[in-house]
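Q:
Residue numbers (our numbering): 1 to 940.
1) Look at the alpha carbon of residue 284 and the alpha carbon of residue 421, and state the distance between them as a whole number of angstroms.
2) Whole angstroms are fine: how far does the CA of residue 718 sit from the CA of residue 661?
3) Run the CB neighbour count on residue 10, radius 10 Å, all protein chains shown included, and call it buried at 16 or more, exposed below.
4) Taking buried to mean at least 16 other C-beta atoms within 10 Å of its own C-beta, is residue 364 buried or exposed?
5) Output the boundary residues of the alpha helix (DSSP H) element that contains residue 532.
6) With a CB to CB cut of under 7 Å and the five nearest residues on each side skipped, what residues in its chain are close to residue 110?
7) Since residue 624 sits in a beta bridge, which residues does DSSP pair it with?
8) Can you give the Cα-Cα distance for residue 271 and residue 230, rounded to whole angstroms?
9) Within its chain, find whatever has a CB closer than 8 Å to the CB of residue 758; leave out the 5 residues flanking it on each side and keep chain order.
10) With DSSP as the reference, label residue 118 as helix, strand or coil.
11) Return the chain-ordered list of same chain residues with a C-beta closer than 8 Å to the C-beta of residue 627, the five sequence neighbours on each side being excluded.
12) Beta-carbon within less than 8 Å of residue 384's beta-carbon, same chain only, minus the 5 sequence neighbours each way: which residues are those?
13) Could you pull the start and end residues of the alpha helix (DSSP H) that residue 345 belongs to?
14) Would residue 320 pass as a contact of residue 882 if the rule is Cβ separation under 8 Å?
15) For residue 236 versus residue 224, is the C-beta spacing smaller than 8 Å?
16) Assess contact between the segment 43-61 and the segment 307-322, defined as three or more Cβ pairs (one per stretch) separated by less than 8 Å. Is contact present?
17) In whole angstroms, what separates the C-alpha of residue 344 from that of residue 580?
18) Given 8 Å as the limit, is there contact between the segment 98-117 and the segment 131-139, that is, 3 or more CB pairs closer than that?
19) Kindly indicate the opening and closing residues of the alpha helix (DSSP H) around residue 509.
20) Is residue 408 helix, strand or coil when you go by DSSP?
21) Return the bridge partner residues of residue 941 from the DSSP annotation.
22) Taking Cβ positions, are residue 555 and residue 342 nearer each other than 8 Å?
23) Tell whether a beta-carbon distance below 8 Å holds between residue 54 and residue 296.
24) Reducing DSSP to helix, strand and coil, say where residue 159 ends up.
25) What's the C-alpha gap between residue 835 and residue 530?
26) Looking at C-alpha atoms only, which residue of 304, 73, 654, 810 is the closest neighbour of residue 156?
27) Taking the C-alpha atoms as reference points, what is the distance between residue 560 and residue 567?
28) What are the start and end residues of the alpha helix (DSSP H) that includes residue 53?
29) Kindly indicate which three-state DSSP category residue 776 falls into: helix, strand or coil?
30) Does DSSP put residue 613 in a helix, in a strand, or in coil?
31) Tell me, please, which residues DSSP counts as bridged to residue 222.
32) With DSSP as the reference, please indicate the residues paired to residue 192 in a beta bridge.
33) Among the residues of its own chain, which have a CB less than 6 Å from the CB of residue 500, if the five just before and after it don't count?
34) Helix, strand or coil: which one does DSSP assign to residue 480?
35) Is it the case that the segment 112-121 contacts the segment 144-162, given that we only count it when at least three CB pairs across the two stretches are under 8 Å?
36) How many whole angstroms separate the CB atoms of residue 739 and residue 624, which I take to be in contact at a CB cut-off of 8 Å?
What follows is the structure, given as structure tokens:
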């Protein structure tokens, strides 16, 4: 083995690099998937409201059947802390608690009313206060003034009526409280309940953490709208009592509750924990886990959390995305296996004479195969080990626990394929004696029956996989197994694997068809070429036809799979970009949108003129948006009052031009200006509106006036209301046609300048009282597009596809180089012989270029056709909604479409590289003397 490595160090190093690259991809892929799925789960939990992620245990106060001493003891901090410790210790993994942000205590089930007249009352309604004995207040708050509350030297019991409390800075500011303020509180029936003295004002530490955000009223007061007409507002706030004062709440009629809140520790969560997390939360809310919690906290304990819903949503999204990712993995894996097989075949071809000699001198097949296996293992195993180590170092999951086993399996599989390829390719031809000089010319090859049966079997598999993918789709395939596996990459059965292999099978069938058809043009082209005066063309075609059929099939298969994978992956990436652009356009309707809040009132006078003068503005389209009602709906029909329709009044010429430019429901401008029977206005409607109103004249009432319309055109979308049911009419026919919205088109629009021109704001007000002035809002298309920031799941899948495209291109180059290297010695010897007969250097370069051109054209053209056919066949079954925008409702039927650059660029690169390599080979052969290449007994 040492001698073998010394005699061919270049080949050994190249083979080792190929194994290193392939094993790295095989080991890094599952780690990358694990990393972005784990990050996606943690990010989704962290982004959810704290009220949804915290695990809440709530138990009512002890019943009156118990003695007062027992009821008071159950409210003491020591009893609550014991329950807190035991519950935290018995929470099953992976549901781990972040004890630093967890809390426990006692709170009023029904808020108490502040009766002091000086308290703020927006609509003459007194504020209400929630009292809570939150644990470890001193560790989570900084005293700004005063001191923390206490329960006094004697503590508190059910007869205690005077308490101390602390409030946050926000509560003190909004409720006009300060140190020393005395609050008189009454229960729901007006009976005086407690007198609370404010002893301190505190600033929360980590106000967005679970400790303060699990019950936001303890941190920040808020205005609550009562269910009255018109709505009336009331302040709601929280008071922080000393933990020892909890028994005093027993003397109030507020349904006092004991609570334990556990913040989830998400730092150690991994993708494999998501199914178990969903199962455990379901068990804790209503299952065996709830019974265990009741054994600790009491028989009437209620457990609530939104973690199960978050984990379920994550699993559904993850499975939908992973089905598309697996398609890329199959493409990369297939082309890698073919290239490794080609590399082994190239090494075996170079040693064919040596192996035949060993066999003729009595060497056994197991002995020869074992020797070749050992020689290959010396190279492949260290390369695979180094690739595994590199993958572990490069893809570390940002400190998260990324599984090592899948990476080991991937690297081991590559090492196994690399080790057995050379022994198989070297030993199989030695099973039976072969006459020297047997040729396997491509132009004269006739497929055997066994090959025909194998090709028909692959054709059936390809048709079945394409049909299954078109019928089920990637998202529907995911939905059936979203909760059945801890890892999306391993989910699904043989049927799902067959669906994911559809692009590879399509490329495989295309390669087999092209290999069968390839000899025909060579035969027909060789005859007219023989009549030409020059010899180069005829020799090139004759050489291409005499190439081995087995040596042609493998490179063609590798190139087609690589080009199909690159085209499919590039189209997926282009489809994601187009889908996000489309979703942003559907949200805005133009390059910028200026409107009043809720389109309730017209825009200020002169706003349109001012906006037109802003730099970059190309056109401004004013529209009037109202809510339509149908006062005369026929019996049995659903009226518009049940599901309102957006009535849009437009200037026909300008609006039709905008709709045509944006690609949102274009229509002829004259369609709106024409009148129907009885003077009814022609209208353009959405499909839902047209179905409800029909095509006859209908009377419509809105704030803009009463009109009679007749629907003449139906469009799915329109710029003014892209996502709602709409009715589009000529604004000139409305009694009130003042615009409520401006749709702006242009390039390089400046949000600040547009805001100043229209008096708009880019940040809508979160709360607006009825007395507040109307707010003009500005929405830019660029900002809306930027808002589609991909989640870790989406960005990780996009990176996988980008790597798939790059890997496909690299393997295509390697396959082409291996194909040319396979015939390089024979070509070099041919050039040497022809130079002795007078062939010039220019003719030699032309000969090699023309010889490699048919196979390169076949691969490039076949790759384009296979990629196009794959995308066209599989597009109905590929759902990019989750991968593009994360929501099917925003995607508006996102589907896979052909990206021209992804088809043409890789194919063009194959042609260019084939020409460059052939020219370089001819140049290199010309530098060497003919004597070096022509030796006695040379069989090339």
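Where a beta carbon is used, it is the ideal one built from N, C-alpha and C, also for glycine. Since we're looking at a predicted model, the values are computed, not measured.
A: On the basis of the supplied data:
1) Within the chain shown, the letter at position 284 stands for residue 284. Within the chain shown, the letter at position 421 stands for residue 421. Cα to Cα, the separation comes out at about 53 Å.
2) Against the chain shown, residue 661 aligns to sequence position 661. Against the chain shown, residue 718 aligns to sequence position 718. When rounded, the distance between both Cα atoms is 11 Å.
3) Taking the first residue of the chain shown as 1, we reach residue 10 at position 10. Residue 10 should be labelled exposed.
4) Position 364 of the chain shown, counting from 1, holds the residue named residue 364. Residue 364 is exposed by the Cβ-count criterion.
5) As a working note, residue 532 is residue 532 in the chain shown. Where residue 532 is concerned, there is no enclosing alpha helix (DSSP H), given that its DSSP letter is neither H nor E.
6) Taking the first residue of the chain shown as position 1, residue 110 is located at position 110. Excluding positions up to five away in sequence, the list reads 188, 254, 255.
7) Counting from one through the chain shown, the residue named residue 624 turns up at place 624. Answer is 649.
8) In the chain shown, the residue the question calls residue 271 occupies position 271. In the chain shown, the residue the question calls residue 230 occupies position 230. Straight-line Cα distance between these residues: approximately 48 Å.
9) Along the chain shown, one-based indexing puts residue 758 at 758. So the qualifying residues of the chain are 594, 603, 604, 607, 610, 611, 742, 776, 778.
10) For the purposes of this step, residue 118 is taken as the residue at position 118 of the chain shown. Correct three-state label for residue 118: coil.
11) Working through the chain shown from its first residue, we reach residue 627 at position 627. Once the five neighbours on either side are set aside, the close Cβ partners of residue 627 are 644, 645, 646, 647, 702, 703.
12) For the purposes of this step, residue 384 is taken as residue 384 along the chain shown, with counting starting at 1. Result list for residue 384: 19, 20, 23, 411, 412, 414, 415, 418, in chain order.
13) For the purposes of this step, residue 345 is taken as residue 345 along the chain shown, with counting starting at 1. Residue 345 -> alpha helix (DSSP H) spans 307-350.
14) Counted from its first residue, the chain shown places residue 320 at position 320. Counted from its first residue, the chain shown places residue 882 at position 882. Their beta carbons are under 8 Å apart, which means residue 320 touches residue 882 by this criterion.
15) The residue labelled residue 236 in the question sits at position 236 within the chain shown. The residue labelled residue 224 in the question sits at position 224 within the chain shown. Result yes, Cβ atoms of residue 236 and residue 224 sit closer than 8 Å.
16) yes
17) Start at 1 with the first residue of the chain shown, and residue 344 comes out as number 344. Start at 1 with the first residue of the chain shown, and residue 580 comes out as number 580. Answer to the nearest angstrom: the Cα atoms are 44 Å apart.
18) yes
19) Your numbering for residue 509 matches position 509 in the chain shown. Unbroken alpha helix (DSSP H) run through residue 509: 502-517.
20) Taking the chain shown and counting its residues from 1, the one referred to as residue 408 is at position 408. Here residue 408 sits in helix by DSSP.
21) Only positions 1 to 940 of the chain appear in the structure, and residue 941 is not among them; the question remains open.
22) As a position in the chain shown, residue 555 is number 555, starting the count at 1. As a position in the chain shown, residue 342 is number 342, starting the count at 1. Result yes, Cβ atoms of residue 555 and residue 342 sit closer than 8 Å.
23) As a first step, residue 54 must be located in the chain shown, where it is residue number 54. As a first step, residue 296 must be located in the chain shown, where it is residue number 296. No, the pair does not count as a contact, with Cβ atoms beyond the cut-off.
24) Here residue 159 corresponds to residue number 159 of the chain shown, with the count starting at 1. In the structure shown, residue 159 sits in coil (DSSP, three-state: anything other than H, G, I, E or B).
25) In the chain shown, residue 835 corresponds to position 835, counting from 1. In the chain shown, residue 530 corresponds to position 530, counting from 1. For residue 835 and residue 530, the distance between alpha carbons rounds to 20 Å.
26) Start at 1 with the first residue of the chain shown, and residue 156 comes out as number 156. Cα-wise, what sits closest to residue 156 is 73.
27) Your numbering for residue 560 matches position 560 in the chain shown. Your numbering for residue 567 matches position 567 in the chain shown. When rounded, the distance between both Cα atoms is 10 Å.
28) Here residue 53 is taken as the residue at index 53 of the chain shown, counted from 1. Taken as a continuous stretch (DSSP letters only), the alpha helix (DSSP H) holding residue 53 covers 50-53.
29) Here residue 776 is taken as the residue at index 776 of the chain shown, counted from 1. Of the three classes helix, strand and coil, the one that applies to residue 776 here is strand, per DSSP.
30) In the chain shown, residue 613 corresponds to position 613, counting from 1. The answer is coil: DSSP assigns residue 613 none of H, G, I, E or B.
31) Indexing the chain shown from 1 puts residue 222 at position 222. DSSP output for residue 222 lists 236 as bridge partner(s).
32) Here residue 192 corresponds to residue number 192 of the chain shown, with the count starting at 1. 186.
33) Locating residue 500 in the chain shown gives position 500, where the first residue counts as 1. Closer than 6 Å at Cβ, skipping near neighbours: 326, 327, 330.
34) Taking the first residue of the chain shown as position 1, residue 480 is located at position 480. Low local confidence applies: a pLDDT of 43 at residue 480 is under 50, so the model's placement there is unreliable, and no value is given.
35) no
36) As a working note, residue 739 is residue 739 in the chain shown. As a working note, residue 624 is residue 624 in the chain shown. Contact flag correct, Cβ pair sits at about 6 Å.
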